[in-house]
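So the sequence shown is numbered by our numbering: it starts at 32 and just counts up by one. A short write-up of the structure that comes next.
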Amino acid sequence: MSGRRSRRRGSDRTIPTLVLIAGVAIIVVAAFGSAGAGSASFDTAQVDRNGAVNVTDDASAAHALDTADAVHVNATEPLVNVTNRLGTDVTVTVGLRDDSTHIGDLVVGDTVAGNETSFGLAAGATQTVEIEIANDSTLSTETVYFHVNASGNGIEVTAPDRSVPVN
């Protein structure tokens, strides 16, 4: 028995052959397998983005608002002074909120405007918007709610839900 030789069939060649086949398969898949897979690029994209930044109080803002401390029954008094610090001419709209339209009418200069008024405002200029309130003592516990918006060349700012108490 000591003279018998044991033979292994192909065990020395099997592992290198499998490695070679696997390597070739990887190369083929890498070279040709992704050829059918789509790739794409784009020139432009439209992405919605919303941003809101509070940087200062109303009186110091670029769209500066100086609201009255209070307004009074049976009087026409300043409601808000709007100063344009935006660096460009704008159109300003001041409007009473729906739940405040019964309190009074907005007045700009000598013009009674009703619930909403719009006017041009040059860079650096200030415009006073008044409110005319009737002689109705039931209004003395109300609050006037309003908005002030401005728009110009490439700019739009909003100041919603400002308020002033009625005394």
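Idealized CB from N, CA, C, for every residue including glycine. Predicted model only: the values in this text are computed from it and were never measured.
Comparing C-alpha positions only, which one of the options sits nearest to residue i?
i	options	result
D192	L127, V102, A106	L127
V113	H178, N166, S171	H178
A154	V121, L137, S194, D136	V121
So, for residue i: in the same chain, excluding its five sequence neighbours on each side, which residues have a beta-carbon less than 7 angstroms away from its beta-carbon?
i	result
A2	Residue 2 cannot be examined here, being either before or after the span of the chain that is shown, 32 to 198.
E108	A99, V102, E161, I162
I134	I164, L170, E173, V175, V197
N166	V104, N105
G151	D120, T122
Determine the DSSP secondary structure at residue i, reduced to helix, strand or coil.
i	result
L110	strand
T169	helix
D97	strand
T119	coil
Identify the residues that DSSP records as bridge partners of residue i: which are they?
i	result
V188	A181
I162	E108, L137
T174	P196
Near residue i, which residues of its chain fall below 6 angstroms by C-beta distance, leaving aside the five closest residues on each side in sequence?
i	result
A95	T114, R116
N184	T119
N146	L127, T132
T159	P109, N112
From which residue to which residue does the beta strand (DSSP E) around residue i run?
i	result
S131	Taken as a continuous stretch (DSSP letters only), S131 belongs to no beta strand (DSSP E), as it is neither H nor E.
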